[in-house]
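Peer 1: Protein chains in written order, with our numbering: chain G, 1 to 409; chain U, 1 to 230.
#1: Residue 214 of chain G to residue 150 of chain G, Cα distance in whole Å?
#2: Is residue 82 of chain U close to chain G, meaning its C-beta is less than 8 Å from at least one C-beta of that chain?
#3: Can you tell me which of G/100, G/128, G/42 puts its alpha carbon nearest to the alpha carbon of residue 287 of chain G?
#4: Please name the residues in the stretch 153-183 of chain U whose beta-carbon is closer than 7 Å to at least one beta-carbon of chain G, in chain order.
#5: In the DSSP assignment, the alpha helix (DSSP H) including residue 207 of chain G goes from what residue to what residue?
#6: To the nearest angstrom, how far is it from the Cα of residue 210 of chain G to the Cα of residue 68 of chain G?
#7: Output the distance between the C-alpha atoms of residue 53 of chain G and residue 12 of chain G, rounded to the nearest integer angstrom.
#8: I'd like to check one pair, residue 186 of chain U with residue 132 of chain U: are the Cβ atoms closer than 8 Å?
#9: Based on the DSSP secondary-structure assignment, which residues constitute the bridge partners of residue 228 of chain G?
#10: Tell me, to the nearest whole angstrom, how far the beta carbon of residue 146 of chain G is from that of residue 192 of chain G; I am working on the premise that it is less than 8 Å.
#11: What first and last residue would you give for the alpha helix (DSSP H) that runs through residue 155 of chain G?
#12: Would a check of beta-carbon distances place residue 100 of chain U closer than 8 Å to chain G?
#13: Quick check on this structure: which residue in G/56, G/364, G/124, G/356 has the alpha carbon closest to the alpha carbon of residue 273 of chain G?
#14: Residue 161 of chain U: buried (16+ other C-beta within 10 angstroms of its C-beta) or exposed?
#15: Could you check whether the Cβ of residue 77 of chain U sits closer than 8 Å to any Cβ belonging to chain G?
#16: Are the beta-carbon atoms belonging to residue 170 of chain U and residue 196 of chain U less than 8 Å from one another?
#17: Grab me the residues of residue 223 of chain U's own chain with a C-beta within less than 8 Å of its C-beta, minus the 5 sequence neighbours each way, in chain order.
#18: Could you tell me the distance, in whole angstroms, from the CA atom of residue 48 of chain G to the CA atom of residue 269 of chain G?
#19: Verify the CB distance criterion: does residue 113 of chain U have a CB-CB separation below 8 Å to chain G?
#20: Let me know the secondary structure DSSP gives residue 81 of chain G once reduced to three states.
#21: Does any residue of chain G bring its CB to less than 8 Å from the CB of residue 110 of chain U?
#22: Using 8 Å as the threshold, is the C-beta distance between residue 247 of chain U and residue 95 of chain U below it?
#23: Anything in chain U within Cβ reach of residue 402 of chain G, meaning under 8 Å, just list it in chain order.
#24: For residue 213 of chain G, write down the residues that DSSP places opposite it in a beta bridge.
#25: Use the C-beta contact count for residue 64 of chain G: other C-beta atoms within 10 angstroms, 16 or more gives buried, fewer gives exposed.
#26: Say whether chain U places a C-beta atom closer than 8 Å to the C-beta of residue 337 of chain G.
#27: Which residues in chain U have a C-beta closer than 9 Å to the C-beta of residue 16 of chain G? List them in chain order.
#28: Residue range of the beta strand (DSSP E) that residue 226 of chain U falls in?
#29: Note the first and the last residue of the continuous beta strand (DSSP E) segment covering residue 89 of chain U.
#30: Which ranges would you report for the alpha helix (DSSP H) in the stretch 16-41 of chain G if only whole runs of at least 4 residues count?
#31: List the whole-angstrom C-beta distance separating residue 114 of chain U from residue 318 of chain G, where the pair is believed to meet the contact cut-off of C-beta under 8 Å.
#32: Could you work out which residue in U/36, U/121, U/102, U/177 is closest to residue 17 of chain G when comparing CA atoms only?
#33: Could you check if residue 316 of chain G is buried or exposed, using at least 16 other CB atoms within 10 Å of its CB as the buried criterion?
#34: What residues in its chain sit with their C-beta under 7 Å from that of residue 110 of chain U, if we drop five residues either side in the sequence?
#35: How is the alpha helix (DSSP H) around residue 111 of chain U delimited, first residue to last?
#36: Does any C-beta atom of chain U lie closer than 8 Å to the C-beta of residue 21 of chain G?
What follows is the structure, given as structure tokens:
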């Protein structure tokens, strides 16, 4: 064991000395390893960054909220299958509200896009959502200025509006908007509240929206519109139960016969998360594929250069053997050297991927960070490649005839 | 006197292409501890082959080689390495030092392979370098040393593991005559200090340092003369 540690230390020194002698060659040799590790680590860091971004993007959906829609969020088969479904109606929403025992809150919502205007300032294509009292609980936003709707305003389809934070900035320019009248489409509304900043949801800016009572939407912009129903689940453990209940109630509400398929969809955040995971898993698989391929190519390069190195250093091998180096000592020496070349490649790749991650973070809108497991894996795999592809050249070195080697000049 | 080397009917045959070359055709030698012996012969006589066999770098095709009671001719590659490490100190014509390592590190090499710790082997190696008078040059690389100094490093390396025999192959072949004399003086001293020395040479002037001269010709021992009585 002692002699093993001695020879490990010696061999690392020998390897470093040999590499210092041939810096350029070592770096070129290790290029395949660098590319392989760089691919895996960069993809890992990009995905890790996307994960953070995605989580914050969909958090506004709420993990405890179910959405009853005409269409599923993720359509994997034919879109036309869903087109002929009947719209979700207020009748459905009211039926759920009346009969659901498990849901914490149920709200219907509907939306449209209109131009809005305050004096000479106008904004085009702003999302106008029709909401109910429960919307505030379900979506979990808070009011920065003023107040939310009262039950009376909702029930009587008042022309009141709660505006998003950015709308306030763009339309009112630091002026107090409360009590002012703005035009939504062709209709006049009174501003009663401003929402806190909320960020965005899947690229959709939640701060650039306005909320009006649901009934007002129908009154001003037409009754024939599909609505969506939002259901707040009391706790994450109850999601499955609530889905079952809503599913059953919706079928009853729509008088579907047992053999008939659902003509509505119950959506939830998890569906998006799952799809996202599938997507990133695909990316990981591709990256690992490319990485593995580069590592193999790199490994063959390493093996090649180690064979050259063994041939060039026949004299040295002869001297070492003459002085009593056993086969396993020589084998060990060259394997260590091969592992070190590959590890150097791994380290270069990891430094590069930190740099790349920094650039991605600064230049693109995606956050990016290098996960520690990818660093460890990169180093681990590059060393393994060094070990694996170093064995053959090292065995060859060990088996050389010392007399032949000493004769070599 | 203790028997160190006992070679009996050593035959070595090489296969070169389809031709079989007999380098040694039945050699018998008995060498005792603390002998000073020269093996002489023209090139092609088989003296290099004999040296390789005595030095445990090679095994005979047939015959018996006993080194301090151990049967060398039956050993495999690894066992031979171990015997070389413990029992044989080589001095080569071309010095055969590792070019990128310092004199000290070169001398340490045999100790590394016998598994001696770094601190301990530094002391032993420095001591060996002192014996050949190179203490002030021990951190230099071979390229920074003269031929004579390189050969001194090689001798220190040969001595460092306290081998049973020192095997010198044309040790002055790459040196001028003055330096050659200095190197031979070191061998004389080593012999007087109790070491067994085998010189392989074709130079009469080198061979004459020894007490016994063995002549090889065409793979046979042609002559084996005790020239001095020690």
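Glycine included, C-beta positions come from ideal geometry on N, C-alpha and C.
Peer 2: Concretely, from the data shown:
#1: 13 Å
#2: yes
#3: G/42
#4: none
#5: Careful: residue 207 of chain G lies outside any alpha helix (DSSP H) and carries neither H nor E.
#6: 22 Å
#7: 43 Å
#8: yes
#9: G/109
#10: 5 Å
#11: 151-155
#12: yes
#13: G/56
#14: buried
#15: yes
#16: no
#17: 213, 214, 215
#18: 19 Å
#19: yes
#20: helix
#21: yes
#22: The structure shown does not extend to residue 247 of chain U, since chain U spans only 1 to 230, so no value can be given for it.
#23: 57
#24: G/131
#25: buried
#26: no
#27: Those do not exist, as residue 16 of chain G stays about 11 Å from chain U at its closest Cβ, beyond 9 Å.
#28: 220-226
#29: 88-91
#30: 23-29
#31: Not confirmed; about 19 Å, so no contact.
#32: U/102
#33: buried
#34: 85, 157, 160, 161
#35: 103-113
#36: yes
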